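The next block holds one structure in the form of structure tokens; read it before the comments.
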Amino acid sequence: MDAVKVLVQASDEFTGAGVKAMLGASEQLQLLMDTRAGRPDVILVVVDGVVGSSTFAFLRQYQGTGVTSAPRAVVVADRFRAEDLLVAVECGVTALLSRNEIKEGTLASAVLAVSRGAALMPYRLQGILLDQLTQLRFQVLAPAGLTLFGFETRERDVLQLIAEGYQTDEIAKKLTYSEGTVKNVLYGLMNRLRLNTRSQAVAYAMRAGLI
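Position 5 of the sequence shown, counting from 1, maps to 5 under full-length UniProt numbering, and the rest follow consecutively.
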């Protein structure tokens, strides 16, 4: 198995050196000096104090295009504001760790877990994040005909019926759309996500948990 490529960003050189020493002890991790050495699998950001806008600005540089996936991010800090949770998720953060809990073994284990798809954050923040997502869904997205995944409601409906094996004319009848509307909905979706076939569109929606 290839080593997990990790890019470290620390608030000061002393902290950065200590973190790199911790991670360097693991043969499963490969530290990158910068992105010229390759695309990182995980970005580790260590913040002195509270996480702020500079951290999010740094992480946004590495966000994917929708075709290529972005690196996952681990943020280690003294404090984290609950109101910044959705911004953190938008920036690819899947782990929030407290500095006073970090040890050599735990930090490497957290980075490896995140590289395999795990999400790590205190239970209190998990609950707040779920509440915020619920509010976003019902108070902002639903009134605009959108879902949490960025799909319009009618895009979801069309993809659901395609996944069930219906043809364009059958979908139009079920949704009381014209066939042209169904085709336009599908074309707009595929063009936005840079997908080439209906099968790819359905697979994308399934991976996102939309259908």
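Positions of the beta carbon are idealized from the N, C-alpha and C atoms, including for glycine.
Being a predicted model, the structure only gives us computed values, none of them experimental.
In the structure shown, A208 adopts coil according to DSSP, grouped into three states.
Taking 8 Å as the cut-off, the Cβ atoms of L159 and L210 count as close.
Between Q28 and V4, the gap from beta carbon to beta carbon is short of 8 Å. For the options R124, D78 and L86, the alpha carbon positioned closest to that of I102 is the one of D78. Counting along the chain, I128 sits inside the alpha helix (DSSP H) bounded by residues Y123 to Q135. Residue burial is scored here from C-beta neighbours: E90 has fewer than 16 other C-beta atoms within 10 angstroms and is therefore classed as exposed. Here the C-alpha atom of G105 lies approximately 8 Å from the C-alpha atom of M22. Looking at the backbone, the Cα of A73 and that of L161 are separated by about 35 Å.
By a beta-carbon distance limit of 8 Å, S115 contacts V42. Their separation comes to about 5 Å. Within the same chain, Cβ atoms closer than 6 Å to the Cβ of F56 are found at V87 and C91, the five residues on either side in sequence being excluded. Of the candidates P71, R36, V75 and L32, the residue whose Cα lies closest to the Cα of D48 is V75. The straight-line gap separating the alpha-carbon atoms of E152 and G24 is approximately 45 Å.
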